[in-house]
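For reference, the structure discussed in these notes is given below.
Chains as they are written, first to last, in the working numbering: chain A, 2 to 194; chain R, 2 to 175.
Written out as structure tokens, the structure reads:
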């Protein structure tokens, strides 16, 4: 009798663990299937999309709870430089691009913990209103500003920081591609010859 | 001892647990958000503090916006929701308890702001209500985003947000 009870208890535990594990794995793999890559930028179609079923809804909730609909905004994230290396505070980068076919855009720098970097530089984000909508532009991403006209401060960001490009009210002809999106170039890194 | 029935039982429990997890995950996440926003009361707007490097409430916060959130509850009938206009961009989004974004309007469609009457799906709309939106759930979240990337713009957006309405029509009538 006791053996039978223990066997059923073990079956229930194993079943529950399998269920939770397979749900987690499904969301993890499913999430990857929503990600598109444009050069070094990654874009998740999950954020702001319409749920077509319970799996899609769970993935959307996990990746973009309360996100704006895709009609309103598109989000792109960059966490590697042009050589595929993680972004590092000890490096100086240049983010440059052509005008984007959208009503408004911004770029925000996040530390590895996914929050704004704790520094007092007031340079954690930059937007088109400060850069200008009609010309080729560039922004220095570095711990100190130097003589850069536009600057995103990485001071205190350490290693593995990332950039998020938000494109609001994209025009109908906005077509994301490695060429159309801004390009990040490594200028120098401390300790390199 | 035959192991077949235990294996079958474990697989059945796995399928049920898997399905419950997938269905429950978005509802649980939304419930946390609804409870957090509605902690000091439902059917009222709350303006979030400006996003700064000290902000730690949500991951990857956008410093571009002034956010106003209202946790709505339709258990006492329709809720009136309005958003005052704002330059250069604003939007009003509604999210159901299962996380679906079931309604959005922005300044391209509503130049002078938006005003809606929110009712439970299938309920009768109040007489005279113009723009009626049906919520798939009794509770949910309304969110206004106003583009305000500088402290001065945030402060101006905060002033404008005082004209927003999120109120149960029962309490308005009472």
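Here a beta-carbon is modelled for each residue, glycine too, at the ideal position from N, C-alpha and C.
Short of 6 Å from the beta carbon of residue 170 of chain A, and not among the five residues preceding or following it, lie these beta carbons of its own chain, in chain order: 104.
Here residue 178 of chain A is exposed. Its C-beta has fewer than 16 other C-beta atoms within 10 Å.
For residue 160 of chain R, there is no enclosing beta strand (DSSP E); the residue is found in the alpha helix (DSSP H) stretching over 152-162. By the Cβ test, the region 181-191 of chain A is not in contact with the region 113-120 of chain A, since fewer than three Cβ pairs between them sit closer than 8 Å. Burial state of residue 6 of chain A is exposed, judged by a 10 Å Cβ sphere holding fewer than 16 other Cβ atoms. Put simply, the CB of residue 132 of chain A is far from chain R, with every gap to its CB atoms at 7 Å or more. For residue 130 of chain A, there is no enclosing beta strand (DSSP E); the residue is part of the alpha helix (DSSP H) that begins and ends at 129-132. Separation of the CB atoms of residue 84 of chain R and residue 145 of chain R is rounded to 5 Å, and the pair is thereby assigned contact status at 8 Å.
Within the region 38-91 of chain A, the complete alpha helix (DSSP H) segments of 4 residues or longer fall at 55-65, listed in chain order. No Cβ of chain R is located within less than 7 Å of the beta carbon of residue 90 of chain A. Beyond the five residues adjoining it in sequence on each side, residue 174 of chain A comes within less than 8 Å, by CB distance, of 102 in the same chain, given in chain order.
Only 107, 109, 111, 115, 116, 117, 118, 119, 120, 125, 126 and 128 from the region 107-128 of chain A bring a Cβ to less than 7 Å from some Cβ of chain R. Ranked by Cα distance from residue 172 of chain R, the options R:27, R:45, R:89 and R:9 are led by R:45. Looking at R:108, R:94 and R:51, the one whose alpha-carbon comes closest to that of residue 102 of chain R is R:94. Assigned with DSSP and collapsed to three states, residue 34 of chain R falls in helix. Of all residues in the region 141-167 of chain R, the ones placed with a Cβ closer than 8 Å to any Cβ belonging to chain A are 142, 144, 146, 148 and 150, in chain order.
Residue 152 of chain A does not reach chain R, its nearest Cβ partner there being about 15 Å away, counting only Cβ pairs nearer than 8 Å.
CA-CA distance, residue 27 of chain R to residue 33 of chain R, rounds to 10 Å.
Distance between residue 70 of chain R and residue 149 of chain A, taken at the CA atoms: about 37 Å. Closest option to residue 89 of chain A, judged by alpha-carbon separation, among A:176, A:167, A:168 and A:161: A:161. Under DSSP, residue 67 of chain R forms a beta bridge with R:147.
Close to residue 146 of chain A, with beta-carbon spacing below 9 Å, lies no residue of chain R; the smallest spacing is near 17 Å. From the beta-carbon of residue 99 of chain R, the residues of chain A found nearer than 7 Å are 58.
Across the region 57-73 of chain R, CB contacts with chain A closer than 8 Å involve 57, 60, 61, 62, 63, 64 and 65, in sequence order along the chain.
In the DSSP assignment, residue 133 of chain R forms a beta bridge with R:118. With respect to chain R, the C-beta atom of residue 34 of chain A has no partner C-beta closer than 7 Å.
A distance below 8 Å between beta-carbons, with the five flanking residues on each side excluded, links residue 132 of chain A to the following residues of its chain, in chain order: 138, 140 and 151.
Residues of chain A whose Cβ lies closer than 8 Å to the Cβ of residue 7 of chain R are, in chain order, 8, 9, 11 and 12.
Here the C-alpha atom of residue 42 of chain R lies approximately 11 Å from the C-alpha atom of residue 167 of chain R. Within chain R, 18, 19, 20, 21, 22, 23 and 26 have C-beta atoms less than 9 Å from the C-beta of residue 24 of chain A, given in sequence order. Taking the beta carbon of residue 111 of chain R as reference, no residue of chain A falls within 8 Å; the closest one sits roughly 13 Å away. In the three-state reduction of the DSSP assignment, residue 103 of chain A falls in the strand class.
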